[in-house]
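A.B. asks:
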Amino acid sequence: MACVTEEISKLKGPYHPFGGADRFPCLQLVWLGVHKALQGQKIGSLMVGKVVEIFANVGAQIGLPHLVLVPISEDVKPFYLSLGFREYDDGKRMFLPLQSAIEVFPQK
Numbered sequence: 000m001a002c003v004t005e006e007i008s009k010l011k012g013p014y015h016p017f018g019g020a021d022r023f024p025c026l027q028l029v030w031l032g033v034h035k036a037l038q039g040q041k042i043g044s045l046m047v048g049k050v051v052e053i054f055a056n057v058g059a060q061i062g063l064p065h066l067v068l069v070p071i072s073e074d075v076k077p078f079y080l081s082l083g084f085r086e087y088d089d090g091k092r093m094f095l096p097l098q099s100a101i102e103v104f105p106q107k
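Its first residue numbered 0, the sequence shown is counted upward by one per residue in numbering that gives the first Met the number 0.
#1: What residue from Glu5, Tyr79, Pro64, Glu102 has the CA that sits closest to Ser44's CA?
#2: Opposite Tyr87 in the DSSP bridges: which residues?
#3: Taking the alpha helix (DSSP H) that Ala55 belongs to, which residues open and close that run?
#4: Considering only the beta carbon of each residue, do Met93 and Pro70 sit closer than 8 Å?
#5: Taking the CB atoms as reference points, tell me whether Leu97 and Gly58 lie closer together than 8 Å.
#6: Taking Val51 as the reference, give the member of Ser8, Asp74, Leu31 with the closest Cα.
#7: Helix, strand or coil, according to DSSP, for Phe104 in the structure here?
#8: Using the three-state DSSP reduction, which class does Leu28 fall into: helix, strand or coil?
#9: Check for me: the beta strand (DSSP E) holding Leu66 runs from which residue to which?
#10: Could you have a look at Val33 and say whether DSSP puts it in helix, strand or coil?
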């Protein structure tokens, strides 16, 4: 995971501008993969679930409105869509709003 900034023009919503009005901070899932021989055993769901849980618990506290990622291939998009992620940037990237994460993992 990493903290990055995203262009406000790509994702509309209530953001805390960072370094000016055209960018906002968000959490980025940099890379996550499951060895092909182990796919289909819910390992990826468990790992992403933990990331989403952490995001739900700290996102609002530190001003991160979205969890973003770049899918490694078109094949993984249905997996992320099933977890509540949405496509943006002409389908090149995906995001999960903080509120969606909180609905799955209410804040502690």
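For every residue, glycine included, the Cβ atom is placed at its ideal position computed from N, Cα and C.
Note that the coordinates shown come from a computational prediction; the quantities given were computed from them, not determined experimentally.
C.D. replies: In short, the structure shows the following:
#1: Tyr79
#2: Arg92
#3: 42 to 61
#4: yes
#5: yes
#6: Leu31
#7: coil
#8: strand
#9: 65 to 68
#10: coil
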